[in-house]
Amino acid sequence: MHSNLPIVVGLGEAVWDIFGTERKPGGATANVAYHAAQHGARGVVATRLGTDEAGRALYDYFVSKGLDTSAIQWDADHETGRVTVDMRDPGHPTYVIHEEVAWDHLEPTVALLQLADRADAVCFGSLAQRSPVARQAIQEFIQRTQGLVVFDVNLRQDWYDRDSLEHSLTHCRVAKLNIDELSTVAAELGLASQSERAFARNLQARFPVETVIVTRAERGCFVARHEEIVDLPGESIQLVDAVGAGDAFSAAFIMLSLEGQPLEKTARFANRAGGIVASRSGAMPDVAQDYRQLRAELGL
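The sequence shown begins at 1 in the working numbering and counts up one residue at a time.
In structure tokens, the structure reads:
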């Protein structure tokens, strides 16, 4: 049933987001795969889960949502990833990401690298590269694939370094970060960042990145593709929580990029998609119908 659908891979972490006594599926790259599937793609979760109850439950959830789980690895020695989410500021949640979990041990298996050969797009981040073995798996994948490579910087705590940032930026076509990460990345790489435009220009002068995206939450987004600039205001929404909104943006941007849509339409669609998810609870709400309505509204 998947044969003619674009293959969009979320490569890296899959977790349970813990909100007090409630848990919800999450993990940035798993979120991207989920939202790509909500758009009608073949969303592939490429991660590693523990053989514990949490891992089985997360796997079952992905299956129930129609995600491709063939690239999930199993680990009997490490627990499934967990993230404790602090929602005291719903627009800017903070996270405690538990260490030494299954996705830290993602391996560059033959199956994973064969997936790289088939992928139309892959999204990965810095967090899942915090361990040497997972970093190797991710770097081998992105160096091998001919698909659209999207690096969602996704800085978390202090789990990033200059080497992983530089390698990732050297092997991606699209780099996405939020406004809070811009100054940190600029400082880490020694780039001027007086403005979003200056940052994008300097980043593209050093790395072969075609498109730079800066998301600004309620203030919209900035997108630079070579000399073409799109600067959009935020969406007027009833904010519930911002968890997963950036990942929804990434998935929407990927989908329209694969369709060859103009940059302005692509950015506008992604901006709106992020707003839809921010108006819902959790990173993986049911929004397929919302996305279809949005396409119709924007004439896509």
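Ideal Cβ positions, reconstructed from N, Cα and C, are used throughout, including at glycine. Keep in mind it's a predicted model, so treat the numbers as computed, not measured.
Segment limits, beta strand (DSSP E) that includes residue i
i           : result
residue 124 : 121-125
residue 265 : Taken as a continuous stretch (DSSP letters only), residue 265 belongs to no beta strand (DSSP E), being part of the alpha helix (DSSP H) at 263-278.
residue 117 : Counting along the chain, residue 117 falls outside any beta strand (DSSP E), though it belongs to the alpha helix (DSSP H) covering 110-118.
residue 231 : 228-232
residue 88  : Looking at the DSSP string, residue 88 is not in any beta strand (DSSP E), and its letter there is neither H nor E.
residue 48  : 48-50
For residue j and residue i, the rounded distance between their alpha carbons
i           : j           : result
residue 128 : residue 79  : 15 Å
residue 182 : residue 242 : 18 Å
residue 61  : residue 4   : 24 Å
residue 202 : residue 185 : 12 Å
residue 16  : residue 218 : 26 Å
residue 204 : residue 102 : 34 Å
residue 108 : residue 236 : 43 Å
residue 265 : residue 115 : 29 Å
residue 364 : residue 120 : Residue 364 lies beyond the stretch modelled for the chain, which goes from 1 to 300, so this question has no answer here.
residue 14  : residue 72  : 10 Å
residue 50  : residue 132 : 18 Å
residue 296 : residue 81  : 37 Å
residue 87  : residue 18  : 10 Å
residue 140 : residue 48  : 16 Å
residue 42  : residue 6   : 6 Å
residue 283 : residue 277 : 7 Å
residue 288 : residue 179 : 28 Å
residue 54  : residue 238 : 31 Å
residue 256 : residue 56  : 33 Å
residue 298 : residue 231 : 17 Å
residue 59  : residue 24  : 13 Å
residue 226 : residue 52  : 46 Å
residue 259 : residue 249 : 16 Å
residue 286 : residue 160 : 32 Å
residue 118 : residue 112 : 10 Å
residue 207 : residue 197 : 15 Å
residue 166 : residue 89  : 32 Å
residue 85  : residue 177 : 20 Å
Contact under 9 Å by Cβ, residue i with residue j
i           : j           : result
residue 224 : residue 211 : yes
residue 104 : residue 130 : yes
residue 147 : residue 9   : yes
residue 301 : residue 83  : Past the edges of the chain, shown from 1 to 300, lies residue 301, and the structure says nothing about it.
residue 169 : residue 155 : no
residue 263 : residue 228 : yes
residue 233 : residue 220 : yes
residue 45  : residue 28  : no
residue 251 : residue 123 : yes
residue 76  : residue 106 : no
residue 151 : residue 172 : yes
residue 272 : residue 240 : no
residue 153 : residue 142 : no
residue 187 : residue 209 : no
residue 138 : residue 274 : no
residue 97  : residue 194 : no
residue 254 : residue 32  : yes
Any non-hydrogen atom of the ligand MG within 8 Å of residue i CB
i           : result
residue 288 : The ligand MG is absent from the structure shown, which contains no ligands of any kind.
Residue i - partner residues in DSSP beta bridges
i           : result
residue 221 : 215, 232
residue 177 : 214
residue 79  : Note: residue 79 sits in no beta bridge, so no partner.
residue 24  : 17
residue 34  : According to DSSP, residue 34 bridges with nothing at all.
residue 7   : 42
residue 97  : 83
residue 194 : Residue 194 is not bridged to any residue.
residue 73  : 48
residue 150 : 123, 174
residue 68  : 44
Endpoints, alpha helix (DSSP H) assigned at residue i
i           : result
residue 133 : 132-144
residue 314 : Summary: the structure shown does not reach residue 314, with the chain confined to residues 1 through 300, and so no result is reported for it.
residue 291 : 288-298
residue 249 : 245-258
Segment contact, 8 Å Cβ cut-off, at least three pairs: the stretch 65-76 with the stretch 31-45: yes
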